[in-house]
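Going by this note's numbering, the sequence shown opens with residue 3, and the numbers climb by one from there.
Ideal Cβ placement from N, Cα and C applies to all residues, glycine included.
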Amino acid sequence: MGDAPDKPFRLRPRVTAANEHFWRGGREGELRFLRCGPCGCWIHPPSPRCPACLSKDVAPAAVSGLGTVYSFTLNHQPWVPSPDHPYVIALVALDEQDGLRLMTNVVNCPAESVSIGLRVRVVFENHDDDVWFPLFEPVS
Ligand SMILES: [Zn+2]
Numbered sequence: 003m004g005d006a007p008d009k010p011f012r013l014r015p016r017v018t019a020a021n022e023h024f025w026r027g028g029r030e031g032e033l034r035f036l037r038c039g040p041c042g043c044w045i046h047p048p049s050p051r052c053p054a055c056l057s058k059d060v061a062p063a064a065v066s067g068l069g070t071v072y073s074f075t076l077n078h079q080p081w082v083p084s085p086d087h088p089y090v091i092a093l094v095a096l097d098e099q100d101g102l103r104l105m106t107n108v109v110n111c112p113a114e115s116v117s118i119g120l121r122v123r124v125v126f127e128n129h130d131d132d133v134w135f136p137l138f139e140p141v142s
């Protein structure tokens, strides 16, 4: 079964055992990253070792899904077939930890309304019940 025609084209990630928690957490409405057991550090992109304390005791855990637009750009170039241009490519800083940032899109608002410091929360865009892309929308 294909995607609904109103969903934008997205390059599919290769889902592996190492990143499945991230790409499929949206099935349960959760944005998940690896987290270190001993020191609590959030780890992104996934790594088998904690970069802070080198522990191998890391496991997926859910963040709140709340964050702030750290930087962004308006994409006017139709690189891929998509109904909505321009769209916002943003680096979102998650509340849980300094430096925990996600390259994503800000959606469900006029592109011109996005600014640095805008408060956002995660929403998921499901494709084929296989991958849930974490996107962000303004907190109203
Ligand atoms: Zn650690």
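Contact test: residue i Cβ vs ligand 1 heavy atom, cutoff 6 Å
i	result
S57	yes
A54	yes
C111	no
P40	yes
Residue burial classification, residue i (beta-carbon count within 10 angstroms, cutoff 16)
i	result
G31	exposed
G42	exposed
L56	exposed
P112	exposed
Limits of the alpha helix (DSSP H) - the one that residue i falls within
i	result
F150	No answer is possible for residue 150: the residues shown for the chain start at 3 and end at 142.
Segment limits, beta strand (DSSP E) that includes residue i
i	result
E139	V133 to P140
S73	L68 to N77
T106	R103 to V108
H178	The question about residue 178 has no answer, for the chain in this structure spans 3 to 142.
R51	Note, R51: premise wrong, no beta strand (DSSP E); not H, not E.
R37	R34 to C38
L93	Y89 to L96
Same chain only: Cβ atoms within 7 Å of residue i, ignoring 5 sequence neighbours per side
i	result
R123	G67, L68, F138, E139 and V141
V80	Note that residue 80 is Pro in the sequence shown, not Val. So the qualifying residues of the chain are H87.
T106	A92, V94, P136, L137 and F138
Nonlocal neighbours in the same chain, by C-beta distance under 6 Å from residue i, ignoring five residues either side
i	result
P48	A20, N21 and L36
P116	Checking the sequence shown, residue 116 turns out to be Val, not Pro. Contacts found: F74, V90 and V108.
G28	F126 and W134
G39	D59
Residue i: CB within 6 Å of a non-hydrogen atom of ligand 2
i	result
W44	No copy of ligand 2 occurs in the structure displayed; its ligands are ligand 1 alone.
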